[in-house]
Amino acid sequence: MITYILRRLAAMVPTLLGVSILVFVIFNVVGDDPVYLYLGKNASPEQIVSLRHELGLDKPLHVQYLVGMKQLLTFDLGFSMSAKEPIARMFVQGIGPSIAVTLPGLMLYSGIAVLLGLVCAYWRGTLIDKFVVVGATCGMALSFVAVMIFAQYFLAFLPSQKGLQSFPITGYERGFFTCLPYILLPNLISCFVALGYDTRFFRAVAVEEMNKEYVRTAKAYGAGTRVILLKHVLKNIMIPIISRVVVAIPFVVSGSFLLESFFVIPGLGYKLLHAIESADYPVIRTFTMLIAVLVVVANTVADILNSMVDPRVKLS
Amino acid sequence: MTSDAPKALGQSLLQKSLRKFRRDKFGMAALAVVAVFGLIALGVKAGLFCTLDQATTPVGDQFVKPFAAYERRLPDGTRAKAVSVFGTDIQGRDVFTKLVYSIKQAFAIGLIVSVLSVLVGVVLGCISGYFGGIVDDALLWVYTAINSVPFILWIISISYAFGRGFTGVVVALACTFWVGVYFNVRSEVHRLKEMEFVLASESYGASKWSIIFRDIVPNLTHLIFVFLSLDFIAAVKNEVLLSFLGLGIAGEPSWGVMIANARLDLLAGKWWEVTGATVLLFILVMAFNMLTDALQDAFDPKKVG
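The listed protein sequences correspond, in order, to chains A and B.
Counted the way the numbering used here counts, the first sequence spans residues 1 to 316.
Counted the way the numbering used here counts, the second sequence spans residues 1001 to 1305.
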């Protein structure tokens, strides 16, 4: 087990190396020279040369890459021009709101989707099943952006116009309890958008499981619906459920970008988009890299958890 | 032996798949919807109606309601009484014209991105799967690096680095979407290359490239169809997302630009622009999702009897 964990952790190194090279190529080779963004079009040649030297852009590319990696590894992340804050502090402060906006929704919709999937699989082909499948297909076609706009309009804006107590339209307050009213609507939205995809997926998984012989045997022994669903089928589909929740992490990240920028919640996505708007190049590069690290680490941890849950996952 | 067995014997896998697809009512309905959208896109592209010029010039006062009488500005400067189709936007441009023009935008982005990413994915997947070795290791490394980061981060970074606009959107989407095609093609090639018909070609002395293009690629048809459909609609949806984040198409209308710009109009009760774009997007995405399902059912060799 320990060797497996160590090997998984070691496998993160080449992946993160690849990510860092890609990020470097995108921003330092493809992207515009940040010097022009800082100095504008009317800079004198001397200014350009001195700023290039200051930012280290006059060095060869591989030296620039190594310098950037050294900064990243020693947590010397620099200072944000647009936010007037150290980048490391911006990042650390952004993690909390980002998790608050996405994690409860992820848990909620995963739970509901598993439940609906089991229900559909058991009563396959009945009216309930068809209703859920049609609903899920429609839900999958909804655009995240549109759901956000209309949910805010109908659930937060219109009630407040009429003087009713409802969700806050935008905004955020730090603190475990004070942030609750602000994160409620964003979480409901991400739950609503993702529900269609997950219900369809878990339905397919559960249908496959219901066709297995042990279910037929249990039925033949006269086991009740609830026992078959909750005691046998649910236990056996735990692995796809865990993997699916892990696969959802990127979806959660993209949802947090949209939700944070729309509801003005100071999470990672909001800060990154703000940096893009003000062309704050060091922030964009550092945030991209750090979010990538977080996701790779989360994936690895989930893989290790999976191997602990399922004795069949081969450790070699 | 059933009576239709001889008929089935004379059919290729493709013929069987097509017949199965034609019997799929939902799939055919979805295909019809996509075809109608496609024809409209072609018409706009050919300049028959709803040109860029018409979509960007004001035709009347701002925020004329849908189906309301208003004074329409004609090209020669005079005004005439008319009934609006789907209202006008904040600058007095015709919302219906913008919506129809955006169909062309969606198809341009969807087609270019899906064809590019499938092409790159299939070629690299074949090379990686068939030749193996160091090329495979290198490509797999790139795949792992791209795939282990949320696509939205790559898409945002690349379109930022390329500069806002159509090219940036297309490059960003194609650069990320190919990895899904690549990995699936690679595993399928791994499976196919051990099969008898490939081994037979090898023993006849066929060249490696001839084996890839004559024996392996035709057996990837189902993957190619499904990924074209999947990536098309993913591209259209991501354009909306990028436009919303301020990194999308600039200077021309598209559903994403319309939804992003008109979201403040909604708060003032001007619902038609954002609703129109949302509904059209919904219909197209729904049709493509159903089409993808039908293609998967009809063309997957494991499911065709």
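Just so it is clear, CB atoms sit at the ideal spot from N, CA and C, and this is done for glycine as well.
Every value quoted in this text rests on a predicted model; they were computed, and no experiment measured them.
Inter-residue Cα distance where the pair is residue i and residue j
i: arginine 1164 of chain B; j: leucine 1284 of chain B; result: 25 Å
i: proline 97 of chain A; j: proline 168 of chain A; result: 16 Å
i: leucine 72 of chain A; j: serine 50 of chain A; result: 24 Å
i: aspartate 1004 of chain B; j: glutamine 1011 of chain B; result: In this predicted model, aspartate 1004 of chain B has a pLDDT of only 47, less than 50, meaning its place in the structure is not dependable; the value taken from the coordinates is given anyway. Cα to Cα, aspartate 1004 of chain B sits roughly 11 Å from glutamine 1011 of chain B.
i: alanine 1030 of chain B; j: alanine 1298 of chain B; result: 14 Å
i: isoleucine 1216 of chain B; j: phenylalanine 1177 of chain B; result: 22 Å
i: glutamate 1193 of chain B; j: lysine 1208 of chain B; result: Before going further, note that residue 1193 of chain B is lysine rather than glutamate in the sequence given. Roughly 11 Å separates the two Cα atoms.
i: valine 119 of chain A; j: lysine 130 of chain A; result: 11 Å
i: phenylalanine 201 of chain A; j: asparagine 236 of chain A; result: 15 Å
i: alanine 11 of chain A; j: methionine 1258 of chain B; result: 44 Å
i: cysteine 1175 of chain B; j: valine 246 of chain A; result: 23 Å
i: phenylalanine 154 of chain A; j: proline 181 of chain A; result: 16 Å
i: glutamine 93 of chain A; j: isoleucine 87 of chain A; result: 10 Å
i: threonine 1097 of chain B; j: alanine 1055 of chain B; result: 5 Å
i: glutamine 1015 of chain B; j: lysine 1025 of chain B; result: 18 Å
i: glutamine 1091 of chain B; j: isoleucine 1158 of chain B; result: 31 Å
i: methionine 1 of chain A; j: alanine 248 of chain A; result: 26 Å
i: proline 1006 of chain B; j: leucine 9 of chain A; result: Per-residue confidence for proline 1006 of chain B stands at a pLDDT of 48, beneath the threshold of 50, marking its modelled position as unreliable; no derived number is given.
Cβ of residue i within 8 Å of any chain A Cβ
i: asparagine 1261 of chain B; result: no
i: isoleucine 1249 of chain B; result: no
i: valine 1240 of chain B; result: yes
i: alanine 1005 of chain B; result: A caution first: alanine 1005 of chain B carries a pLDDT of 47, below 50, which makes its placement in the model too unreliable to give a value.
i: proline 1075 of chain B; result: no
i: glycine 1027 of chain B; result: no
i: isoleucine 1146 of chain B; result: yes
i: leucine 1031 of chain B; result: no
i: alanine 1294 of chain B; result: no
i: tyrosine 1182 of chain B; result: no
i: alanine 1108 of chain B; result: no
i: alanine 1206 of chain B; result: no
i: proline 1253 of chain B; result: no
i: glycine 1246 of chain B; result: yes
Beta-carbon gap between residue i and residue j smaller than 8 Å
i: glycine 1027 of chain B; j: leucine 1291 of chain B; result: yes
i: alanine 218 of chain A; j: histidine 232 of chain A; result: yes
i: isoleucine 1156 of chain B; j: leucine 1039 of chain B; result: no
i: valine 1274 of chain B; j: glycine 1256 of chain B; result: no
i: alanine 1145 of chain B; j: threonine 15 of chain A; result: yes
i: serine 1117 of chain B; j: aspartate 1231 of chain B; result: yes
i: phenylalanine 1322 of chain B; j: valine 1181 of chain B; result: Outside the displayed span of chain B (1001 to 1305) sits residue 1322 of chain B, for which this structure offers no information.
i: tyrosine 270 of chain A; j: glutamate 260 of chain A; result: yes
i: arginine 285 of chain A; j: phenylalanine 91 of chain A; result: no
i: leucine 272 of chain A; j: phenylalanine 262 of chain A; result: no
i: glycine 1288 of chain B; j: valine 1034 of chain B; result: The amino acid at residue 1288 of chain B is misidentified as glycine; the sequence shows phenylalanine. For phenylalanine 1288 of chain B and valine 1034 of chain B, yes; Cβs fall inside 8 Å.
i: valine 1044 of chain B; j: tyrosine 1101 of chain B; result: yes
i: valine 253 of chain A; j: isoleucine 291 of chain A; result: yes
i: isoleucine 1233 of chain B; j: glycine 1110 of chain B; result: yes
Proximity test, Cβ basis, 8 Å: residue i and chain B
i: alanine 204 of chain A; result: no
i: phenylalanine 144 of chain A; result: yes
i: asparagine 42 of chain A; result: no
i: serine 254 of chain A; result: yes
i: asparagine 299 of chain A; result: yes
i: glutamate 54 of chain A; result: no
i: proline 14 of chain A; result: yes
i: cysteine 138 of chain A; result: yes
Of the listed residues the options, nearest to residue i (C-alpha basis)
i: serine 82 of chain A; options: A:Val296, A:Ala302 and A:Ala275; result: A:Ala275
i: proline 1253 of chain B; options: B:Pro1301, B:Cys1050, B:Lys1193 and B:Val1083; result: B:Cys1050
i: lysine 1237 of chain B; options: A:Ala100, A:Phe131, A:Val147 and A:Val301; result: A:Val147
i: glutamine 1103 of chain B; options: B:Leu1280, B:Asn1147 and B:Lys1303; result: The sequence shown places isoleucine at residue 1103 of chain B, not glutamine. When each option's Cα is compared against that of isoleucine 1103 of chain B, the closest is B:Leu1280.
i: proline 186 of chain A; options: A:Ala204, A:Arg174, A:Gln152 and A:Phe202; result: A:Gln152
i: serine 1128 of chain B; options: B:Gly1047, B:Ala1172, B:Leu1173 and B:Asn1184; result: B:Asn1184
i: alanine 1032 of chain B; options: B:Pro1301, B:Asp1300, B:Lys1302 and B:Ala1294; result: B:Ala1294
i: leucine 318 of chain A; options: A:Ser160, A:Thr137 and A:Gly125; result: Any answer about residue 318 of chain A is impossible in this case: the structure gives chain A only from 1 up to 316.
i: proline 1262 of chain B; options: B:Phe1063, B:Leu1124, B:Val1034 and B:Arg1023; result: Before going on, a small fix: residue 1262 of chain B reads as alanine here, not proline. Per the Cα distances, B:Phe1063.
i: glutamine 1296 of chain B; options: B:Gly1251, B:Ser1114, B:Asp1061 and B:Leu1223; result: B:Leu1223
i: leucine 6 of chain A; options: A:Phe150, A:Val301 and A:Ala121; result: A:Val301
i: glycine 1276 of chain B; options: B:Tyr1204, B:Val1085 and B:Ile1249; result: B:Val1085
i: leucine 22 of chain A; options: B:Thr1088, B:Leu1153 and B:Ser1201; result: B:Leu1153
i: glycine 1087 of chain B; options: B:Lys1303, B:Pro1150 and B:Phe1067; result: B:Phe1067
i: phenylalanine 1166 of chain B; options: B:Ile1112, B:Ala1200 and B:Lys1303; result: B:Ile1112
i: cysteine 191 of chain A; options: A:Arg89, A:Leu294 and A:Leu142; result: A:Leu142
Rounded Cβ spacing between residue i and residue j (contact assumed at less than 8 Å)
i: tyrosine 197 of chain A; j: methionine 140 of chain A; result: 6 Å
i: glycine 78 of chain A; j: alanine 1161 of chain B; result: The pair is not a contact, with the Cβ atoms about 19 Å apart (cut-off 8 Å).
i: phenylalanine 144 of chain A; j: valine 114 of chain A; result: In fact, because the Cβ distance is near 22 Å, the residues do not count as touching under 8 Å.
i: leucine 1139 of chain B; j: alanine 1235 of chain B; result: About 23 Å separates the two Cβ atoms, so there is no contact after all.
i: tyrosine 1130 of chain B; j: valine 1179 of chain B; result: Not confirmed; about 18 Å, so no contact.
i: valine 205 of chain A; j: glycine 117 of chain A; result: 7 Å
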